[in-house]
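Colleague: Structure in structure tokens, see below.
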Amino acid sequence: MAGIQNAITIYPVANYNFGSKAAKTEKDTNVQARLSRWEEKYKKEGVRRSVDAVLLVWEHNHPHVLLLQLGTSFFKLPGGRLRPGEDEKMGLRRKLENNLSPEAASLAHPWDIGQCIATYWRPNFDMTLYPYLPAHITRPKEVKKLYLISLPEKCYLAVPRNAKLIAVPLFELYENTARFGMVISALPHILSRFKLTLAGSPLAILQPETPSGGPEGEQQQSG
Numbered sequence: 001m002a003g004i005q006n007a008i009t010i011y012p013v014a015n016y017n018f019g020s021k022a023a024k025t026e027k028d029t030n031v032q033a034r035l036s037r038w039e040e041k042y043k044k045e046g047v048r049r050s051v052d053a054v055l056l057v058w059e060h061n062h063p064h065v066l067l068l069q070l071g072t073s074f075f076k077l078p079g080g081r082l083r084p085g086e087d088e089k090m091g092l093r094r095k096l097e098n099n100l101s102p103e104a105a106s107l108a109h110p111w112d113i114g115q116c117i118a119t120y121w122r123p124n125f126d127m128t129l130y131p132y133l134p135a136h137i138t139r140p141k142e143v144k145k146l147y148l149i150s151l152p153e154k155c156y157l158a159v160p161r162n163a164k165l166i167a168v169p170l171f172e173l174y175e176n177t178a179r180f181g182m183v184i185s186a187l188p189h190i191l192s193r194f195k196l197t198l199a200g201s202p203l204a205i206l207q208p209e210t211p212s213g214g215p216e217g218e219q220q221q222s223g
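Numbering (UniProt numbering) for the sequence shown: 1 to 223.
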């Protein structure tokens, strides 16, 4: 299919320089306040549309996902709500500039927004998201899309002072819904269809192609 890329080159986390910038004021003090605000927005604007960015690096010969950490136990992908009528990729670029671009224009780099790799639906004003729209839901409250971002080989990233940018390995995310939530913990599944090339690593290609005869190591039988 045109526009679909199944091979990804990722670079070591040591290639990137990290700095800080002015803190961002959080709109909500707790989850319930956030859901109440979303409900008020829904009454005015309809279905909430949000976009999140999946940024990959590697360390110790293993892929890691970059997450924003707020406080001691809240983790999120960079991104957020789109404005009414805003294009998804343009909106995500705006969010990435707010979340991760340095304030000095000379240090900034253009964001390469790749393909959408997952869509989630929020049927109600709670924290439950589904990777499909339940048949009985005619008025979903939110649609969330995840986009794969191609990081350059080297760049400078600046994080608001009240947040941390951390690299979390896929094995730590896997099925760890208690800590990371259902969307982030599903990323190992979502990314498993891609061939990941770890540039500069002894394990250059993580997922070699399986021979056409069947599962790796099996020979196709004749007769």
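All residues carry an ideal CB built from backbone N, CA and C; glycine is no exception.
1) Determine the closest residue to R49 out of T25, K89, V65, with distance taken between C-alpha atoms.
2) Run through DSSP, which three-state label would T138 get?
3) Excluding the five sequence neighbours on either side, which residues of its own chain have a C-beta within less than 7 angstroms of the C-beta of P12, listed in chain order?
4) If the criterion is Cβ atoms closer than 9 angstroms, does the pair E65 and I117 meet it?
5) Closest by CA to residue 271, which one among N6, K44, N99?
6) How many Å lie between K154 and L203 at the Cα?
7) In angstroms, rounded to a whole number, what distance separates the CA positions of W38 and R139?
8) Between the alpha carbons of V47 and H136, how many angstroms are there, rounded?
9) Whole-angstrom Cβ separation of A82 and I113, contact assumed at under 8 angstroms?
Modeller: Inspection of the coordinates gives the following:
1) For the purposes of this step, residue 49 is taken as the residue at position 49 of the sequence shown. The shortest C-alpha separation from R49 is found at K89.
2) Along the sequence shown, one-based indexing puts residue 138 at 138. Residue state, collapsed to three classes: coil.
3) Translated into the one-based positions of the sequence shown, residue 12 becomes position 12. Spatial neighbours of P12 in its own chain (CB-CB distance under 7 angstroms, excluding positions within 5 residues in sequence) are listed in chain order as V57, W58, E59, G200.
4) In the sequence shown, the residue the question calls residue 65 occupies position 65. In the sequence shown, the residue the question calls residue 117 occupies position 117. According to the sequence shown, residue 65 is Val rather than Glu. Contact: no.
5) Residue 271 lies beyond the residue range present for the chain, which begins at 1 and ends at 223; the question has no answer from this structure.
6) Here residue 154 refers to the residue found at position 154 of the sequence shown. Here residue 203 refers to the residue found at position 203 of the sequence shown. C-alpha separation (whole angstroms): 20 angstroms.
7) Position 38 of the sequence shown holds residue 38. Position 139 of the sequence shown holds residue 139. Using only the alpha carbons, I get a separation of about 14 angstroms.
8) Your numbering for residue 47 matches position 47 in the sequence shown. Your numbering for residue 136 matches position 136 in the sequence shown. Between V47 and H136, the C-alpha separation is close to 16 angstroms.
9) Indexing the sequence shown from 1 puts residue 82 at position 82. Indexing the sequence shown from 1 puts residue 113 at position 113. Note that residue 82 is Leu in the sequence shown, not Ala. About 13 angstroms separates the two Cβ atoms, so there is no contact after all.
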